[in-house]
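Worksheet for the structure shown next.
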Amino acid sequence: MIDKVAIITGASSGIGHATATMLAKNGITVMLAARREDRLQQLRDEIVNNGGKASYKVTDVTSYDQMKELVDKTLHHFGKVDVLINNAGIMPISYMRKLKVDDWNRMIDVNIKGVLHGIAAVLPTMQERNEGHIINISSVAGYEVYPPRVLYSATKHAVRIITEGLRKELLPEENIRTTLISPGSVDTELVDSVKDEDVLNMIREEGSLDRTISSDDIANAILYAIRQPSAVSVNDIIIRPTAQR
Ligand code: NDP
Numbered sequence: 004m005i006d007k008v009a010i011i012t013g014a015s016s017g018i019g020h021a022t023a024t025m026l027a028k029n030g031i032t033v034m035l036a037a038r039r040e041d042r043l044q045q046l047r048d049e050i051v052n053n054g055g056k057a058s059y060k061v062t063d064v065t066s067y068d069q070m071k072e073l074v075d076k077t078l079h080h081f082g083k084v085d086v087l088i089n090n091a092g093i094m095p096i097s098y099m100r101k102l103k104v105d106d107w108n109r110m111i112d113v114n115i116k117g118v119l120h121g122i123a124a125v126l127p128t129m130q131e132r133n134e135g136h137i138i139n140i141s142s143v144a145g146y147e148v149y150p151p152r153v154l155y156s157a158t159k160h161a162v163r164i165i166t167e168g169l170r171k172e173l174l175p176e177e178n179i180r181t182t183l184i185s186p187g188s189v190d191t192e193l194v195d196s197v198k199d200e201d202v203l204n205m206i207r208e209e210g211s212l213d214r215t216i217s218s219d220d221i222a223n224a225i226l227y228a229i230r231q232p233s234a235v236s237v238n239d240i241i242i243r244p245t246a247q248r
């Protein structure tokens with residue numbers, strides 16, 4: 004069993020939900036964060052009924068104040084934060100020429116600023132303890148760009164650069180690990196944020212929803228990074244369906 008405390012954003016569905024469940028099964032205490040309280044409550048109850056340790060806090064990652072409150076609550080309840088998993092993300096993609104500026108801003112706010120708020124909220128306590136692990140969820144879209152995923156891809160490139168830059172900046176004094184997880188197509192609710200009919204048709208035609216891996220496959224990769232000895236830093240994992248281009 005792993006004696007650690009982990010905060011997971013976006014724990015109300017998909018990859019975050021599966022990760023919380025898997026970490027808790029391995030003895031890790033989990034603090035669940037997202038906006039939908041009913042889902043967080045249900046997951047907390049499931050974990051606790053199965054013998055795990057969990058709590059939750061309704062949190063919007065676009066608010067730095069709420070992220071700080073999330074870290075404070077974790078410290079208050081569980082005494083430390085060993086791991087932060089910046090997983091919350093949205094993907095309301097559309098072709099750039101359609102000028103969906105509100106959606107661009109939302110993706111920047113959740114996918115980039117949310118990650119930065121998490122880092123800023125958790126670094127002081129990790130630096131104080133000279134120990135910690137920040138895990139950011141990017142995407143294969145963080146390595147390439149295919150319209151209509153331009154803005155989404157830009158946010159995931161930013162997450163990749165921020166993660167690697169943070170790793171270098173914290174060297175060599177701080178014993179704080181960083182891990183970037185970049186999934187390919189995973190079967191979750193993420194695609195529900197796509198509203199544009201042209202894009203939905205394109206996604207159906209390319210068949211990417213027909214070859215997906217599961218949230219558990221991503222959770223496994225996250226657990227692998229966490230369970231390494233503290234001198235071993237797993238920095239970068241790309242994990243996608245074998246049949247994905
Ligand atoms: P889901 O839509 O299932 O989960 C997204 C999670 O983010 C939800 O729990 C949602 O909770 C939360 N969230 C969204 N906005 C906010 C916000 N403002 N504040 C707090 N939480 C928020 O999708 P996935 O599980 O697939 O996505 C998880 C991560 O994985 C994302 O970063 C995504 O970009 C990335 N990813 C996913 C891939 C896939 O194919 N599914 C591929 C590559 C990367 P709530 O609405 O309750 O707040």
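To convert, count from 1 in the sequence shown and add 3; that's my numbering.
Idealized CB from N, CA, C, for every residue including glycine.
If you're wondering where the values come from, they're calculated on a predicted model, not measured in any experiment.
(1) Where do the N-terminal and C-terminal ends of the alpha helix (DSSP H) with Val153 fall, by residue?
(2) Leu1 and Thr128 look like a contact to me (Cβ under 8 angstroms); what is the Cβ gap, rounded to whole Å?
(3) Touching or not, the region 235 to 242 and the region 209 to 227, by the rule of three or more beta carbon pairs under 8 angstroms?
(4) Starting from the Cα of Lys56, find the closest Cα among Ile18, Met4, Arg132, Thr166 and give me that residue.
(5) One question on the structure: do Arg170 and Asn90 come within less than 8 angstroms of each other, judged by their Cβ atoms?
(6) Would you say Met129 touches the ligand NDP, meaning its beta carbon is less than 7 angstroms from a heavy atom?
(7) Measuring straight from C-alpha to C-alpha, what distance separates Lys101 and Val118?
(8) In whole angstroms, what separates the C-alpha of Ser196 from that of Leu226?
(9) From Ala161, Thr215, Asp201, Met34, pick the residue whose C-alpha is nearest to that of Met110; which is it?
(10) Taking the straight line between their C-alpha atoms, what separation do you get for Arg207 and Ser188?
(11) Taking just the CA atoms, how far does Tyr155 sit from Met94?
(12) Can you tell me which of Arg248, Asn108, Ile229 puts its alpha carbon nearest to the alpha carbon of Val84?
(13) In this structure, how does DSSP classify Ile117 when only helix, strand and coil are distinguished?
(14) Does the ligand NDP have even one heavy atom less than 7 angstroms from the beta-carbon of Arg42?
(15) Would you kindly report the start and end of the unbroken beta strand (DSSP E) that includes Tyr59?
(16) Helix, strand or coil, according to DSSP, for Met34 in the structure here?
(17) According to DSSP, is Arg243 part of a helix, a strand, or is it coil?
(18) Inspect the beta-carbon positions of Ser15 and Arg47 and report whether they are closer than 8 angstroms.
(19) Output the distance between the C-alpha atoms of Glu177 and Val202, rounded to the nearest integer angstrom.
(20) Do Tyr59 and Met25 have their C-beta atoms closer together than 8 angstroms?
(21) Let me check understanding here. Comparing Cα to Cα, which of Thr158, Arg132, Tyr98 lies closest to Pro151?
Result, derived from the coordinates:
(1) 153 to 173
(2) Beyond the ends of the chain as shown, which are 4 and 248, falls residue 1; an answer cannot be given.
(3) yes
(4) Met4
(5) no
(6) no
(7) 27 angstroms
(8) 27 angstroms
(9) Ala161
(10) 13 angstroms
(11) 6 angstroms
(12) Ile229
(13) Just to set this straight, residue 117 is Gly in the shown sequence, not Ile. Residue state, collapsed to three classes: helix.
(14) yes
(15) 57 to 61
(16) strand
(17) coil
(18) no
(19) 44 angstroms
(20) no
(21) Tyr98
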